[in-house]
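Quick mapping for you: the protein sequence lines, in order, are chains A and B.
The numbers in numbering that gives the first Met the number 0 rise by one with no breaks, and the one at position 58 of the first sequence is 57.
The numbers in numbering that gives the first Met the number 0 rise by one with no breaks, and the one at position 153 of the second sequence is 152.
The beta-carbon is built from N, C-alpha and C at its ideal position, and this holds for glycine as well.
In this text the structure is predicted, and so the values were computed from the model without any measurement.
Worksheet: the structure to be examined is printed underneath.
There are 2 protein chains.
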Amino acid sequence: MGPTRESCVDVLRGLHAVFQLKHVITTRVWEERDLHPAAVGLLAELARRGESRVSELAQVHLVDPSVVSRQVAQLEKAGLVERRACRSDGRAQLITATSRGLETLDGWREAQVTLVQEALADWTEEDVHEFVRQFGLFTDDLRAHLLVPEAVR
Amino acid sequence: MGPTRESCVDVLRGLHAVFQLKHVITTRVWEERDLHPAAVGLLAELARRGESRVSELAQVHLVDPSVVSRQVAQLEKAGLVERRACRSDGRAQLITATSRGLETLDGWREAQVTLVQEALADWTEEDVHEFVRQFGLFTDDLRAHLLVPEAVR
DNA sequence: CGAGAAGGTTGTATTGGACAACTATCTGGG
DNA sequence: CCCAGATAGTTGTCCAATACAACCTTCTCG
Numbered sequence: 000m001g002p003t004r005e006s007c008v009d010v011l012r013g014l015h016a017v018f019q020l021k022h023v024i025t026t027r028v029w030e031e032r033d034l035h036p037a038a039v040g041l042l043a044e045l046a047r048r049g050e051s052r053v054s055e056l057a058q059v060h061l062v063d064p065s066v067v068s069r070q071v072a073q074l075e076k077a078g079l080v081e082r083r084a085c086r087s088d089g090r091a092q093l094i095t096a097t098s099r100g101l102e103t104l105d106g107w108r109e110a111q112v113t114l115v116q117e118a119l120a121d122w123t124e125e126d127v128h129e130f131v132r133q134f135g136l137f138t139d140d141l142r143a144h145l146l147v148p149e150a151v152r
Numbered sequence: 000m001g002p003t004r005e006s007c008v009d010v011l012r013g014l015h016a017v018f019q020l021k022h023v024i025t026t027r028v029w030e031e032r033d034l035h036p037a038a039v040g041l042l043a044e045l046a047r048r049g050e051s052r053v054s055e056l057a058q059v060h061l062v063d064p065s066v067v068s069r070q071v072a073q074l075e076k077a078g079l080v081e082r083r084a085c086r087s088d089g090r091a092q093l094i095t096a097t098s099r100g101l102e103t104l105d106g107w108r109e110a111q112v113t114l115v116q117e118a119l120a121d122w123t124e125e126d127v128h129e130f131v132r133q134f135g136l137f138t139d140d141l142r143a144h145l146l147v148p149e150a151v152r
């Protein structure tokens with residue numbers, strides 16, 4: 000019948016801590032890289048999925064389409080993504096990361112990864128691997144529960 | 000010599016996912032409770048630490064003192080915290096959560112905890128406990144690395 | 001072919017946060 | 001004892017990120 004409420008409070012505390020720390024990492028890296036943090040997530044998603052629509056990005060990103068629209072506009076102006084009309088649907092825009100965009104993303108990732116790697120210097124590869132595994136299970140369950148109910152309700 | 004960069008990328012991906020999900024949880028709960036999300040973190044910190052200074056809260060919270068100052072002002076207006084002058088230091092303010100503040104916090108927590116508890120219905124108490132433990136180690140290491148260097152540098 | 005649905009964009013408001021300037025208080029060396 | 005610099009907090013100003021609503025365009029289906 001699942002964990003106790005006490006444990007869940009602990010989980011929430013952990014979430015809160017991660018939230019803060021992610022914010023700090025983002026800000027720290029932002030200071031030395033000329034790319035807006037929110038746009039990074041978008042760029043990363045494009046790198047992972049390849050050419051995508053605005054609406055798809057919004058859905059995956061769990062944000063309003065208008066947000067993605069503006070971010071894409073910004074990234075396009077910076078030359079980090081390109082858009083082209085979708086052949087099969089004249090309403091849709093297909094967005095791709097440019098090679099310059101991918102390079103910029105790599106730079107960001109490098110900086111972030113370095114921070115994390117240094118912070119986890121005491122961990123073994125196995126520790127981290129196991130942690131990531133469990134972390135993944137956790138986020139999957141959470142996501143499934145948070146998103147499905149909306150449709151079912 | 001610590002984990003590989005690949006593992007660290009996985010960690011970052013996990014962080015990003017948590018970031019989004021926390022955001023969704025917060026928004027969802029916010030819709031049904033009349034308390035600003037950021038203020039909740041503050042209130043929770045006050046409940047955990049007891050009477051605290053603005054500067055302490057800012058430090059723990061990893062934000063600028065001005066942010067805490069405004070949040071406290073808001074919470075005070077809502078009757079959820081009280082401030083009193085510090086005896087030993089005339090510059091400082093001591094902030095405490097009122098009983099009404101604690102109740103409100105509980106309400107929030109209930110709603111959040113319920114979400115998490117439902118999401119983790121398949122987990123055993125031990126699973127969650129172990130997860131929280133490792134999660135704590137992770138955030139501690141990350142926090143230590145992110146904050147100490149500032150002073151040392 | 002026309003009505004309604006769906007994809008995107010733009011206008012507007014809100015939240016959360018940073019930084020800088022300012023006031024009030026404290027503290028330590030002359 | 002007193003003044004200079006440090007420290008606590010507040011307030012003014014700015015910006016990023018997001019949501020929601022109104023709108024235009026294009027699609028789809030009866």
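Element boundaries [beta strand (DSSP E), containing residue i]
i	result
alanine 91 of chain B	Neither: alanine 91 of chain B is in no beta strand (DSSP E) and is coded neither H nor E.
alanine 84 of chain B	80-84
Limits of the alpha helix (DSSP H) - the one that residue i falls within
i	result
glutamate 50 of chain B	First-last for glutamate 50 of chain B: undefined, no H or E at that position.
valine 23 of chain A	4-31
valine 71 of chain A	64-76
threonine 103 of chain B	98-118
CB contact below 8 Å: residue i versus chain B
i	result
glutamate 117 of chain A	yes
valine 28 of chain A	no
arginine 32 of chain A	no
leucine 160 of chain A	No answer is possible for residue 160 of chain A: the residues shown for chain A start at 0 and end at 152.
leucine 145 of chain A	yes
glycine 100 of chain A	no
arginine 48 of chain A	no
glutamine 92 of chain A	no
arginine 152 of chain A	Note that arginine 152 of chain A has pLDDT 36, beneath the 50 cutoff, so the model's placement of it is unreliable and the number below is only indicative. By this cut-off, arginine 152 of chain A is not an interface position.
leucine 20 of chain A	yes
Below-8 Å beta-carbon distance, residue i vs any chain A residue
i	result
proline 2 of chain B	yes
aspartate 9 of chain B	yes
alanine 37 of chain B	no
serine 87 of chain B	no
alanine 96 of chain B	no
aspartate 105 of chain B	no
leucine 14 of chain B	yes
alanine 110 of chain B	no
valine 17 of chain B	yes
Presumed contact (8 Å Cβ cut-off) between residue i and residue j, rounded CB distance
i	j	result
valine 28 of chain A	valine 53 of chain A	Not quite, the Cβ-Cβ distance comes to about 26 Å (not below 8 Å), so this is no contact.
arginine 82 of chain A	glutamine 73 of chain A	Not quite, the Cβ-Cβ distance comes to about 12 Å (not below 8 Å), so this is no contact.
serine 6 of chain A	histidine 128 of chain B	6 Å
arginine 159 of chain B	glutamine 133 of chain A	Past the boundaries of the shown model lies residue 159 of chain B; chain B is included only from 0 to 152, so the question cannot be answered.
leucine 145 of chain B	leucine 101 of chain A	The Cβ separation is near 27 Å, so there is no contact.
leucine 136 of chain B	alanine 118 of chain A	11 Å between Cβ atoms; not a contact.
arginine 104 of chain A	alanine 43 of chain A	Per the sequence shown, the amino acid found at residue 104 of chain A is leucine instead of arginine. At roughly 6 Å, the Cβ-Cβ gap stays under 8 Å, so leucine 104 of chain A and alanine 43 of chain A are in contact.
leucine 45 of chain A	valine 80 of chain A	7 Å
alanine 138 of chain A	alanine 120 of chain B	In the sequence as displayed, the identity of residue 138 of chain A is threonine instead of alanine. At roughly 16 Å, the Cβ-Cβ gap does not stay under 8 Å, so threonine 138 of chain A and alanine 120 of chain B are not in contact.
glycine 106 of chain A	arginine 47 of chain A	Incorrect: roughly 17 Å between the Cβ atoms, too far for contact.
leucine 61 of chain A	valine 23 of chain B	6 Å
leucine 2 of chain B	glutamate 30 of chain A	Sequence check: residue 2 of chain B is proline here, not leucine. Their Cβ separation, rounded to whole angstroms, is 25 Å, which puts proline 2 of chain B and glutamate 30 of chain A out of contact at 8 Å.
- Message: If the cut-off is 8 Å on Cβ atoms, which residues from the segment 51-84 of chain A count as contacting chain B, listed in chain order?
- Response: Taking 8 Å as the Cβ-Cβ cut-off, the segment 51-84 of chain A approaches chain B at His60, Leu61, given in chain order.
- At a Cβ cut of 7 Å, what residues of the segment 130-141 of chain B count as close to chain A, listed as they run along the chain? Here the close residues are Phe130, Val131, Gln133, Phe134, Gly135, Phe137, Thr138, Asp140, Leu141.
- Query: Do the segment 30-43 of chain B and the segment 5-12 of chain B make contact, defined as three or more Cβ pairs closer than 8 Å?
  - Reply: No, the segment 30-43 of chain B is not in contact with the segment 5-12 of chain B.
- Message: Does the contact criterion of 3 or more C-beta pairs under 8 Å hold for the segment 104-116 of chain B versus the segment 91-107 of chain A?
- Response: Under the Cβ criterion (8 Å, minimum of three pairs), the segment 104-116 of chain B does not count as touching the segment 91-107 of chain A.
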